[in-house]
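Number of protein chains: 6
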Amino acid sequence: MATVKLWTDEDVSGNAAVKAVFDDIRKTRGSDFVNNFWRALANQPLLLERTWASLKTVMVEPGVLDPLTKELIYMAVSIAHSCNYCTHSHTAAAKAKGMSEAQYAEFLAVVGMASETNALANALQIPVDPEFQAG
Amino acid sequence: MATVKLWTDEDVSGNAAVKAVFDDIRKTRGSDFVNNFWRALANQPLLLERTWASLKTVMVEPGVLDPLTKELIYMAVSIAHSCNYCTHSHTAAAKAKGMSEAQYAEFLAVVGMASETNALANALQIPVDPEFQAG
Amino acid sequence: MATVKLWTDEDVSGNAAVKAVFDDIRKTRGSDFVNNFWRALANQPLLLERTWASLKTVMVEPGVLDPLTKELIYMAVSIAHSCNYCTHSHTAAAKAKGMSEAQYAEFLAVVGMASETNALANALQIPVDPEFQAG
Amino acid sequence: MATVKLWTDEDVSGNAAVKAVFDDIRKTRGSDFVNNFWRALANQPLLLERTWASLKTVMVEPGVLDPLTKELIYMAVSIAHSCNYCTHSHTAAAKAKGMSEAQYAEFLAVVGMASETNALANALQIPVDPEFQAG
Amino acid sequence: MATVKLWTDEDVSGNAAVKAVFDDIRKTRGSDFVNNFWRALANQPLLLERTWASLKTVMVEPGVLDPLTKELIYMAVSIAHSCNYCTHSHTAAAKAKGMSEAQYAEFLAVVGMASETNALANALQIPVDPEFQAG
Amino acid sequence: MATVKLWTDEDVSGNAAVKAVFDDIRKTRGSDFVNNFWRALANQPLLLERTWASLKTVMVEPGVLDPLTKELIYMAVSIAHSCNYCTHSHTAAAKAKGMSEAQYAEFLAVVGMASETNALANALQIPVDPEFQAG
Numbered sequence: 458m459a460t461v462k463l464w465t466d467e468d469v470s471g472n473a474a475v476k477a478v479f480d481d482i483r484k485t486r487g488s489d490f491v492n493n494f495w496r497a498l499a500n501q502p503l504l505l506e507r508t509w510a511s512l513k514t515v516m517v518e519p520g521v522l523d524p525l526t527k528e529l530i531y532m533a534v535s536i537a538h539s540c541n542y543c544t545h546s547h548t549a550a551a552k553a554k555g556m557s558e559a560q561y562a563e564f565l566a567v568v569g570m571a572s573e574t575n576a577l578a579n580a581l582q583i584p585v586d587p588e589f590q591a592g
Numbered sequence: 458m459a460t461v462k463l464w465t466d467e468d469v470s471g472n473a474a475v476k477a478v479f480d481d482i483r484k485t486r487g488s489d490f491v492n493n494f495w496r497a498l499a500n501q502p503l504l505l506e507r508t509w510a511s512l513k514t515v516m517v518e519p520g521v522l523d524p525l526t527k528e529l530i531y532m533a534v535s536i537a538h539s540c541n542y543c544t545h546s547h548t549a550a551a552k553a554k555g556m557s558e559a560q561y562a563e564f565l566a567v568v569g570m571a572s573e574t575n576a577l578a579n580a581l582q583i584p585v586d587p588e589f590q591a592g
Numbered sequence: 458m459a460t461v462k463l464w465t466d467e468d469v470s471g472n473a474a475v476k477a478v479f480d481d482i483r484k485t486r487g488s489d490f491v492n493n494f495w496r497a498l499a500n501q502p503l504l505l506e507r508t509w510a511s512l513k514t515v516m517v518e519p520g521v522l523d524p525l526t527k528e529l530i531y532m533a534v535s536i537a538h539s540c541n542y543c544t545h546s547h548t549a550a551a552k553a554k555g556m557s558e559a560q561y562a563e564f565l566a567v568v569g570m571a572s573e574t575n576a577l578a579n580a581l582q583i584p585v586d587p588e589f590q591a592g
Numbered sequence: 458m459a460t461v462k463l464w465t466d467e468d469v470s471g472n473a474a475v476k477a478v479f480d481d482i483r484k485t486r487g488s489d490f491v492n493n494f495w496r497a498l499a500n501q502p503l504l505l506e507r508t509w510a511s512l513k514t515v516m517v518e519p520g521v522l523d524p525l526t527k528e529l530i531y532m533a534v535s536i537a538h539s540c541n542y543c544t545h546s547h548t549a550a551a552k553a554k555g556m557s558e559a560q561y562a563e564f565l566a567v568v569g570m571a572s573e574t575n576a577l578a579n580a581l582q583i584p585v586d587p588e589f590q591a592g
Numbered sequence: 458m459a460t461v462k463l464w465t466d467e468d469v470s471g472n473a474a475v476k477a478v479f480d481d482i483r484k485t486r487g488s489d490f491v492n493n494f495w496r497a498l499a500n501q502p503l504l505l506e507r508t509w510a511s512l513k514t515v516m517v518e519p520g521v522l523d524p525l526t527k528e529l530i531y532m533a534v535s536i537a538h539s540c541n542y543c544t545h546s547h548t549a550a551a552k553a554k555g556m557s558e559a560q561y562a563e564f565l566a567v568v569g570m571a572s573e574t575n576a577l578a579n580a581l582q583i584p585v586d587p588e589f590q591a592g
Numbered sequence: 458m459a460t461v462k463l464w465t466d467e468d469v470s471g472n473a474a475v476k477a478v479f480d481d482i483r484k485t486r487g488s489d490f491v492n493n494f495w496r497a498l499a500n501q502p503l504l505l506e507r508t509w510a511s512l513k514t515v516m517v518e519p520g521v522l523d524p525l526t527k528e529l530i531y532m533a534v535s536i537a538h539s540c541n542y543c544t545h546s547h548t549a550a551a552k553a554k555g556m557s558e559a560q561y562a563e564f565l566a567v568v569g570m571a572s573e574t575n576a577l578a579n580a581l582q583i584p585v586d587p588e589f590q591a592g
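In order, the protein sequences belong to chains A, B, C, D, E and F.
Residues in the first sequence are numbered from 458 upward in steps of one, following this note's numbering.
Residues in the second sequence are numbered from 458 upward in steps of one, following this note's numbering.
Residues in the third sequence are numbered from 458 upward in steps of one, following this note's numbering.
Residues in the fourth sequence are numbered from 458 upward in steps of one, following this note's numbering.
Residues in the fifth sequence are numbered from 458 upward in steps of one, following this note's numbering.
Residues in the sixth sequence are numbered from 458 upward in steps of one, following this note's numbering.
If you want it as structure tokens, here you go:
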């Protein structure tokens, strides 16, 4: 269904640059499973490398937002962009990071509410209050 | 700049249904400031009432996600929808709820990263891994 | 604020192809007012001609949907695309075609509701019911 | 394919809150068929209840816009948001409410035209005419 | 999976207006293959005719942008709109027009980068520099 | 109008990390002008550094797509995302890289056409032809 070939582990084993990224994904995640996003990006080794490096910096390295909060933000963006693949993969990631049923329900309520009021604000072309302007 | 009149406090004082909502907004938020979103919605009193009731349920009532996390999700949706008003108002709300500079920086990195990989996944039309499907 | 010059009536008078379109817009609408959309498109006379011809066919010629219904559909698309200019211009057009306050209120409620359930359906990645497939 | 389980009628029968909503959907629509949207939302009973209550208010209760016009607006929003599920379900609903082939053809022409001019207006960053501003 | 019937060649042969368009598509492209987009639009013969006429003018007639550049622009828009069908069909068209693996890789990098910085600019609500305004 | 302070050159001079990026932007572009995007990102020095490094790799370093083609792709994405700032800045960049009036006109025609057919394909939920699937 993709516009490019999805690389199998055998394909990966024949390309050192791609193999290095896949090895690092497996080691970083502590799992042998590598999802289709990386198997598709493998066709463009430089983009694969850069994208994984960014993702590791942004989503894996410890910071001031906890990992689940970052996944919820990622899910929200993916849903608003109607990215089916990303919604599936990051919802799965959020569950793996401990998202409870109750948290998912509240997340869905916020995303639905935001989408509704976004539409209303866009419809009414509401001017930004001076109070909301920065410095 | 709006497609409708923005109600002043004087306009509001002449309409009991609208006044009741504005009074509740002020009481709930502990502040006299009512932003333009509600002043625009005041033209449609029923929609105003329903929207405020939903927002109170979703964003004000205590739940399992903390208030700042809910604002970050709201911001993410608003940014992805290019809703200028909502981005301004919910970024201001997040700051009011304690979002630090460091948290904002990480939030921006996640939103940027998600937007980039959303585009890549959509471009490559990557099929969803069976591992991501719910039971 | 535009990325191109907005043509004044004096500019238009110096270009026969553009003038012909502006004359037809004025005649068709029975008004001397020509809005900025056409003054910006005037920089690309062929695109101006094709766009006005399409708009006349789709929005002006009588059909099976009444003119106000067509404007409401146009507004809905413009809002969902966060097109500020189009939202303003087509809301003004709908008012000119008789949209009442009550109709506007219901329109906004539908657009808000649709945006909310779109987000929920995208979030949950709900499979299409076989009952909804066309023969 | 969903990120959550789709509730069967047997699942529903074991949860009083969910059953009450499903019973009301069936009664309101005069049909035994309950589509997957509600079967997915059933995992979050409170969101299910609130969403159905809103939908009933907005789409079922009589108002000043006729039911088919409301479905056309709903379809337009769903298409612009690339919501596959919603486009399918609301196109089916519009057909059930009497949308003719000719009406569908005109609807598609308006949605296509709006999308094209939205892109042009966004591309050219056209400033809003003062004539379009509300009082 | 469509909301309308996809016309087979046999269906097409029974409708002169539709057949004329299909014949022209085949002749223009020098190929017997007619993709599903046209088989779906065949249900609305006037829209089919207008859409094919526009596409021929915009994408087939020689101009100042080369055919591959036009396909890359078409792909970029389709990806940003999350249009799965269009992304597939125009990526295939770009490959047919000679898009190399290296060009595809750079295209993807630009689309990803643009999506990321679009989100950042929307998030920060950055005011347009006066230097970017047209004369 | 931004959600953050825009850094002046004086602000920049007091922060070594930010200054290094601004110096490199000026050197790379051969111009003293630094646009607001970077002045806003300066509040998040790490994000500023990463974003500029990516932009340099993707948009400045020589590749197989010429610089103007890359700007046209960037513009197309920005328009489809309704990013006002990005549309302005990348249209200005395309003009600086030699985009002619005729090229801009064709670009606009392609973007408009793509947006129209994206909407039609999404509306009709057209299934992807097997011929468009990758090996």
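Backbone N, C-alpha and C define an ideal beta-carbon position, used for all residues, glycine too.
Taking residue i and residue j to be in contact with their CB atoms under 8 Å, please state how far apart those CB atoms are, rounded to whole angstroms.
i, j, result
"B/GLN501", "C/ALA562", "4 Å"
"D/VAL534", "C/ALA571", "4 Å"
"A/SER539", "E/SER539", "4 Å"
"B/ILE583", "A/ALA459", "5 Å"
In whole angstroms, what is the alpha-carbon distance linking residue i and residue j?
i, j, result
"B/GLN560", "F/ALA499", "15 Å"
"F/LYS465", "B/LEU522", "It is worth fixing the name first, because residue 465 of chain F is Thr in this sequence and not Lys. About 38 Å."
"F/GLU528", "A/VAL585", "31 Å"
"B/GLU506", "E/ASN492", "49 Å"
"E/ASN472", "B/ALA497", "51 Å"
"F/ASN579", "D/VAL568", "11 Å"
"E/VAL469", "E/PHE479", "8 Å"
"F/LEU463", "F/LEU504", "15 Å"
"C/ALA477", "C/TRP509", "11 Å"
"B/SER511", "A/LEU565", "13 Å"
"A/PHE589", "D/VAL461", "38 Å"
"B/LEU581", "A/ILE482", "20 Å"
"E/SER557", "D/ALA549", "42 Å"
"D/GLU467", "D/THR526", "36 Å"
"E/GLY520", "E/ILE530", "15 Å"
"D/PHE490", "C/ALA591", "17 Å"
"B/LYS484", "B/MET532", "24 Å"
"F/LYS610", "E/LYS513", "Nothing in the structure corresponds to residue 610 of chain F, since chain F is present only between 458 and 592."
Alpha carbons only, please: which of the options is nearest the one belonging to residue i?
i, options, result
"A/PRO524", "A/ASN575, A/LEU581, A/HIS547 and A/PRO584", "A/HIS547"
"C/TRP495", "C/ALA591, C/TYR542, C/VAL515 and C/ALA580", "C/TYR542"
"D/ALA537", "F/ALA566, F/LEU577, F/VAL475 and F/THR508", "F/LEU577"
"A/VAL515", "B/ASP481, B/MET556 and B/THR574", "B/THR574"
"A/HIS545", "B/TYR531, B/HIS545, B/PRO587 and B/THR526", "B/PRO587"
"F/LYS554", "F/GLU467, F/ARG486 and F/MET458", "F/ARG486"
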